[in-house]
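Participant: Heads up: the sequence shown begins at 1 in UniProt numbering, then just goes up one per residue. Where a beta carbon is used, it is the ideal one built from N, C-alpha and C, also for glycine.
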Amino acid sequence: VSGKRRGGRGQGAGRGPTTESQRGLDWESGGRALEQELPGAVFILCDVTQEDDVKVSRVPVPTPISANDQFFVLLQPFLALPYLRKSQGNVINISSLVGAIGQAQAVPYVATKGAVTAMTKALALDESPYGVRVNCISPGNIWTPLWEELAALTPDPRATIREGMLAQPLGRMGQPAEVGAAAVFLASEANFCTGIELLVTGGAELGYGRKASRSTPVDAPDIPS
1 VSGKRRGGRG QGAGRGPTTE SQRGLDWESG GRALEQELPG AVFILCDVTQ
51 EDDVKVSRVP VPTPISANDQ FFVLLQPFLA LPYLRKSQGN VINISSLVGA
101 IGQAQAVPYV ATKGAVTAMT KALALDESPY GVRVNCISPG NIWTPLWEEL
151 AALTPDPRAT IREGMLAQPL GRMGQPAEVG AAAVFLASEA NFCTGIELLV
201 TGGAELGYGR KASRSTPVDA PDIPS
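1. Ignoring anything shorter than 4 residues or poking outside the stretch 153-220, list the alpha helix (DSSP H) runs there in chain order.
2. With DSSP as the reference, identify every bridge partner of Val91, one or two as the case may be.
3. Considering only residues of the same chain and omitting the five flanking positions on each side of Glu28, which have a CB-CB separation below 8 Å?
4. Using only alpha-carbon positions, find the residue among Glu163, Gly195 and Gln175 that is nearest to Cys136.
5. Distance cutoff 8 Å, beta carbons only. Does Gly203 sit that close to anything in chain C?
6. For Gly174, count the other beta carbons within 10 Å of its own beta carbon; 16 or more makes it buried, fewer makes it exposed. Which is it?
7. Are the beta-carbon atoms of Val110 and Ile142 separated by less than 8 Å?
8. Ile101 by DSSP, collapsed to three states: which one?
9. Could you tell me whether the stretch 121-129 touches the stretch 138-157, using the rule of 3 or more Cβ pairs below 8 Å?
10. Should Pro155 go down as buried or exposed, given a rule of 16 or more other Cβ atoms within 10 Å for buried?
11. Would you call the stretch 93-104 and the stretch 113-121 touching, i.e. three or more CB-CB distances under 8 Å?
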């Protein structure tokens, strides 16, 4: 979306949790709104956790996360490659910092994110003869509604959010727009970059232990009392 608003062209896909009562309705209304806002955008409603929606393009797998990550890691870029080769476009995958540094109690998630980063490097080699660049972005702590929802499930949401902010030397969490800006850079100005993992982490991977002594008030999330 950030790139489209700056006049760029591309193809992307997104996913997110939803309840059964919201399934389809929220996503379709949001997608149709984007079609109106972004000229040339085409919205197709598809639930990759439902066998009927994806059975043609994948072999059956047992869990929703398997279906989701198989689609995003393998099918999406490869389906786009014939068109990208003609236009000498580029692929930007979204991985995660935890794919490199790990995360407790999250083996399947960490493994899939590590796979995204590894596939990015391999695909960059394969596609370089066609002039197609392949890069990935690995965000760290980005303040999103999901982060807030997960914090609310902990015994002390306020303390959880504060620890999340202090995990970066910059003393705050990132904003979704900052990830978007990284994608715009890779898509437009990073013409000599391929196979790289761009960390959007506020330095969370640097050093040991807590990274900041106090939180930064700028762009800090509202911590529930």
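Facilitator: So, to answer that:
1. 157-166 and 176-188
2. Taking the first residue of the sequence shown as 1, we reach residue 91 at position 91. Val134.
3. As a first step, residue 28 is located in the sequence shown; it is residue number 28 there, counting from the start. Counting only Cβ-Cβ distances below 8 Å, and skipping sequence neighbours, we find Phe43 and Leu45.
4. Here residue 136 corresponds to residue number 136 of the sequence shown, with the count starting at 1. Of the listed residues, the one whose Cα sits closest to Cys136 is Gly195.
5. The chain inventory of the structure shown lacks chain C, comprising one protein chain alone.
6. As a position in the sequence shown, residue 174 is number 174, starting the count at 1. Classification of Gly174: buried, given that the 10 Å Cβ count is 16 or more.
7. Stepping through the sequence shown from its first residue, residue 110 is reached at position 110. Stepping through the sequence shown from its first residue, residue 142 is reached at position 142. In this structure, Ile142 does not lie closer than 8 Å to Val110 by Cβ.
8. On the sequence shown, position 101 is the one that residue 101 refers to. If DSSP states are grouped into helix, strand and coil, Ile101 belongs with the helices.
9. no
10. Position 155 of the sequence shown, counted from the first residue, corresponds to residue 155. Classification of Pro155: exposed, given that the 10 Å Cβ count is below 16.
11. yes
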